[in-house]
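Trainee: When you read off a place in the sequence shown, starting at 1, and then add 1009, the result is the number in our numbering. Every residue gets a Cβ at the ideal spot worked out from N, C-alpha and C, and that includes glycine.
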Amino acid sequence: MRFATRMLVVQVATQLVVVAVCTAVFAWLGVQQLKAEADSSALNIARSVAEAPDVRQLVTAYSADPGTPAASDLRGGALQQYAADVTNRTQGLFVVITDDHGIRLAHPDPDRLGQVVSTSFADALAGREVVTWETGTLGESARAKVPIHPPDGGAPVGEVSVGFERASVFDDLPALIGGITVAVALAVVIGAVVALLMRRRLERLTLGVQPEELVALVQTQTAVLEGADEGVLACDDAGIVRVCTTAAERLLGITDAVGRPVDALGLPPAVTVALSRVGASGGLPLGDRVVFVDVRPVRRGARTLGRVAVLRDRTDVMALSGRLDSVRAMGDALRVQRHENANRLHAAVGLLDAGRVDEARAFLADLVDRGSVDWAVPGIELVDDAMLQSFLGAKALSARERGVALRIADDTFSRTPIDEVEDVVAVLGNLIDNAVTAAASAPPPRAVEVSVLDDADAVVVTVSDSGGGIVDVDAIFAPRERGDDVDAVHGLGIGLPLSREFARRRGGEVWVVDPGGAGHGAVVAARLPGVRRRVDETVREGEGA
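1) Following the continuous beta strand (DSSP E) through L1114, name the residue where it begins and the one where it ends.
2) One question on the structure: do Q1024 and A1196 come within less than 9 Å of each other, judged by their Cβ atoms?
3) Quick check: L1401 and V1459, are their CB atoms within less than 9 Å of each other?
4) My output table needs one value for F1486: the three-state DSSP class, helix, strand or coil.
5) From G1388 to N1443, what does the alpha carbon distance come to, in whole angstroms?
6) Checking the sheet assignment: what are the DSSP bridge partners for C1244?
7) Does W1165 pass the burial test, meaning 16 or more other C-beta atoms within 10 Å, or should it be called exposed?
8) Assuming V1436 and V1445 make a contact with CB atoms under 8 Å, what is their CB distance in whole Å?
9) Output needed for D1474: all residues of its chain with C-beta closer than 7 Å, excluding positions within five of it in sequence on either side, in chain order.
10) I want to know whether the segment 1123-1132 touches the segment 1191-1208 - three or more CB-CB distances under 8 Å.
11) Considering Cα atoms alone, identify which of G1525, A1467, K1404 is closest to E1518.
12) Check each candidate in S1129, R1208, W1142, S1081 and name the one with the smallest Cα separation from A1048.
13) Are the CB atoms of P1506 and F1486 within a distance shorter than 9 Å?
14) Could you tell me the alpha carbon to alpha carbon distance between V1018 and A1201, rounded to whole angstroms?
15) Within the chosen definition, does the segment 1351-1368 reach the segment 1413-1424 through at least 3 CB pairs nearer than 8 Å?
16) For R1305, which residues does DSSP report across the bridge?
17) Applying the 10 Å Cβ sphere with the 16-neighbour rule, what's the burial state of F1173?
18) Let me make sure I understand the geometry here. Which of R1514, P1062, P1538, D1481 has the alpha-carbon closest to that of D1523?
19) Using C-beta distances below 7 Å, list every residue in its chain close to Q1066, excluding the 5 sequence neighbours before and after it, in chain order.
20) Does T1421 come out as helix, strand or coil in the three-state DSSP assignment?
21) In whole angstroms, what is the alpha-carbon distance linking P1078 and G1111?
22) Across the segment 1264-1284 and the segment 1301-1318, are there enough close Cβ pairs to call them in contact, namely three or more that are closer than 8 Å?
23) Counting C-beta neighbours from all protein chains within 10 Å, is the total for S1170 16 or more, i.e. buried, or is it exposed?
24) CB-CB under 6 Å to S1081, same chain, minus the five flanking residues each way: which ones, in chain order?
25) Given this structure, state the Cα-to-Cα distance separating Q1089 from V1191, to the nearest angstrom.
26) On the three-state DSSP scale, how would you describe R1455?
27) Considering V1171, what are the terminal residues of the beta strand (DSSP E) in which it resides?
28) For L1106, is the classification buried or exposed, using 16 other Cβ atoms within 10 angstroms of its Cβ as the cut-off for buried?
29) Do you know offhand how far D1265's Cα is from T1254's?
30) Return helix, strand or coil for G1388, following the three-state DSSP convention.
31) Got a sec? Which residues, its chain only, sit under 8 Å from M1396 by beta carbon, not counting five neighbours each side?
32) How would you label P1452, buried or exposed, when you count the other beta carbons within 10 angstroms and need 16 or more for buried?
33) Quick check: the Cα distance between L1206 and V1027, rounded to an integer number of angstroms?
34) Can you look up L1415 in the DSSP assignment and give me helix, strand or coil?
35) What three-state label does DSSP hand G1187 in the structure shown?
36) Just list the alpha helix (DSSP H) runs in the segment 1052-1086, keeping only unbroken ones of 4 residues or longer that don't cross its boundaries, in chain order.
Structure representation (structure tokens):
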């Protein structure tokens, strides 16, 4: 049985039980009311009879006679006729009048006149009125007993007992029960209709999914969402967050997001827009992370329920991609170097084959002095590391294609080999690419200057350009949409945030030395600790050799 059906059955059963209890209570109250009305009527009639002057006078006379009245005298007597008239008018069961000895002076059954009553008359002779249900010679009845006093006052000289038959008392009970039954039926019908409406409402709210299925869905959702590396943030149509996993809170840097609007989470505008509508499939810097945001609408049938945003931390992937680009650039540089070196070796071999030994020796000596490849980068000889030198030469070739001249600063001092050149070229490559873009968008002369300095086991690099400078220094590392300002070349995309992430992972930093402007470009610096061997280690290796 479906949960909604079970709820309907339980609600209807509960209503029936409640209505049954109420019916029993109302029926009991109705019976008590009818009994109370019968008792009140009997008491009032008995009082009226006991106060009648003729009744008081005749009963006083019979009580004064020490003998027992003859039944034949009582049958046609005034008391018997009076009692019969009252019984007929009130539709009662009986009106019985007795003297102070309990002798019946008036009774519906003439054969019982002159006899002692079957019930107690002591209370009435004691001056107390009694209302009770008793069983006498005429059966069970609701009766009232009232004392009869002499005309001149004094102790009671008899009693009047007025009774109503049980059947007559409860004549109105069927009508009362019928009214209660109609009310009960209406209550049950109304309750059933309300239960059906609640069932339909429940099924609409739960999309027809039963609570048992909802429990399984919640358990499965928790296991899947919390067990995945991706963060999930789901919103309804009103933009209220309904699901936010721990991974999503960690990536977004928020807490207690569930139940709050996306706009009220305190996120940067670009992040809010990405989560609400467009996503960020190309990556979005969030703090020191690079996050891809994929937004999809959620529908069930033709009904739109909201949207869900999946946040994927791709910092490591982007870092590897940057390193791969740097390695690819170095590979291209090494291929150029190999090709150039092969050409020069072919030239030397040709001179030797021609017997021009002196010229070959001079050519090789010049090759040793100038290096295997002439990169045409001013100051390239100030960088001793071959891999870094090749990388800077490749970047110079790329910059030259865009009309930008790359040169090495005169204050460059790099004499120690670099052990982890991949991180260095990843950061330096991003800084150079940004600088080349800035210089290319400025008027001639277009130039980029790179400085590389040794600092114990760290490398400090600075990159300056001839561009227009950085307009907003505080915003260049903040999340921004791509392409929102073509001229604001610094800080677009994920280049600078990713470079800062590389440096911070090593305990270093990337910062803006000079934002530029007013006729000169910007200067950006980076420090990368632990990427080279210390000077003393290099000296010891040289001494050992």
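Mentor: Let me lay it out:
1) Translated into the one-based positions of the sequence shown, residue 1114 becomes position 105. Counting along the chain, the beta strand (DSSP E) containing L1114 begins and ends at 1113-1115.
2) Against the sequence shown, residue 1024 aligns to sequence position 15. Against the sequence shown, residue 1196 aligns to sequence position 187. Contact flag set, yes.
3) For the purposes of this step, residue 1401 is identified with residue 392 of the sequence shown, where counting begins at 1. For the purposes of this step, residue 1459 is identified with residue 450 of the sequence shown, where counting begins at 1. Yes, the pair counts as a contact, with Cβ atoms nearer than the cut-off.
4) Mapped onto the sequence shown, residue 1486 falls at position 477. Three-state DSSP puts F1486 in coil, outside helix and strand.
5) Residue mapping note: residue 1388 aligns to position 379 of the sequence shown, counting from 1. Residue mapping note: residue 1443 aligns to position 434 of the sequence shown, counting from 1. Cα to Cα, G1388 sits roughly 21 Å from N1443.
6) By one-based count along the sequence shown, residue 1244 stands at place 235. C1244 pairs with V1250, R1316.
7) Taking the sequence shown and counting its residues from 1, the one referred to as residue 1165 is at position 156. A small fix is needed here, since residue 1165 is Pro in this sequence, not Trp. It counts as buried.
8) On the sequence shown, residue 1436 is found 427 positions in, with the first residue counted as 1. On the sequence shown, residue 1445 is found 436 positions in, with the first residue counted as 1. So it is not a contact: roughly 15 Å between Cβ atoms.
9) Start at 1 with the first residue of the sequence shown, and residue 1474 comes out as number 465. Once the five neighbours on either side are set aside, the close Cβ partners of D1474 are A1444, A1447, A1448, V1457, G1530, A1531.
10) no
11) Position 509 of the sequence shown, counted from the start, is the residue given in the question as residue 1518. E1518 has its Cα closest to that of A1467, out of G1525, A1467, K1404.
12) In the sequence shown, the residue the question calls residue 1048 occupies position 39. According to the sequence provided, residue 1048 is Asp. The question's Ala does not apply to it. Selected option, being the one with the closest Cα: W1142.
13) Working through the sequence shown from its first residue, we reach residue 1486 at position 477. Working through the sequence shown from its first residue, we reach residue 1506 at position 497. Yes, the Cβ-Cβ distance between F1486 and P1506 is below 9 Å.
14) Taking the first residue of the sequence shown as 1, we reach residue 1018 at position 9. Taking the first residue of the sequence shown as 1, we reach residue 1201 at position 192. Answer to the nearest angstrom: the Cα atoms are 9 Å apart.
15) no
16) Taking the sequence shown and counting its residues from 1, the one referred to as residue 1305 is at position 296. DSSP, once it has assigned bridges, lists V1317 as partnering R1305.
17) Locating residue 1173 in the sequence shown gives position 164, where the first residue counts as 1. By the 10 Å Cβ count, F1173 comes out buried.
18) Position 514 of the sequence shown, counting from 1, holds the residue named residue 1523. Residue D1481 is the option with its Cα nearest to D1523.
19) Taking the first residue of the sequence shown as 1, we reach residue 1066 at position 57. Cβ within range, chain order: P1160.
20) Residue mapping note: residue 1421 aligns to position 412 of the sequence shown, counting from 1. DSSP places T1421 in coil when its eight states are reduced to three.
21) Walking along the sequence shown from the start, residue 1078 turns up at place 69. Walking along the sequence shown from the start, residue 1111 turns up at place 102. One C-alpha to the other measures close to 12 Å.
22) yes
23) Along the sequence shown, one-based indexing puts residue 1170 at 161. With 16 or more other Cβ atoms within 10 Å, it is buried.
24) The sequence position of residue 1081 within the sequence shown is 72, counting from 1. Contacts found: none.
25) Sequence index remark: in the sequence shown, residue 1089 carries index 80 (1-based). Sequence index remark: in the sequence shown, residue 1191 carries index 182 (1-based). Spanning the two alpha carbons is a distance of roughly 46 Å.
26) Within the sequence shown, numbered from 1, the residue matching residue 1455 stands at position 446. Looking at R1455 - three-state DSSP - the assignment turns out to be coil, as it is neither helix nor strand.
27) Stepping through the sequence shown from its first residue, residue 1171 is reached at position 162. 1167-1174 is the span of the beta strand (DSSP E), which, as asked, contains V1171.
28) By one-based count along the sequence shown, residue 1106 stands at place 97. Per the sequence presented here, residue 1106 reads as Ile, with Leu not at that position. It is buried - the Cβ of I1106 has at least 16 other Cβ atoms within 10 Å.
29) Translated into positions along the sequence shown, residue 1265 becomes position 256. Translated into positions along the sequence shown, residue 1254 becomes position 245. So the alpha carbons of these two residues sit roughly 10 Å apart.
30) Taking the first residue of the sequence shown as 1, we reach residue 1388 at position 379. It is coil, neither helix nor strand.
31) Counting from 1 along the sequence shown, the entry for residue 1396 is found at position 387. Cβ within range, chain order: M1339, I1427, V1430, V1434.
32) As a first step, residue 1452 must be located in the sequence shown, where it is residue number 443. Its Cβ having fewer than 16 others within 10 Å, P1452 is exposed.
33) As a first step, residue 1206 is located in the sequence shown; it is residue number 197 there, counting from the start. As a first step, residue 1027 is located in the sequence shown; it is residue number 18 there, counting from the start. Approximately 20 Å, taken between the alpha carbons.
34) Walking along the sequence shown from the start, residue 1415 turns up at place 406. Here L1415 sits in strand by DSSP.
35) Here residue 1187 refers to the residue found at position 178 of the sequence shown. DSSP places G1187 in helix when its eight states are reduced to three.
36) 1062-1073, 1080-1084
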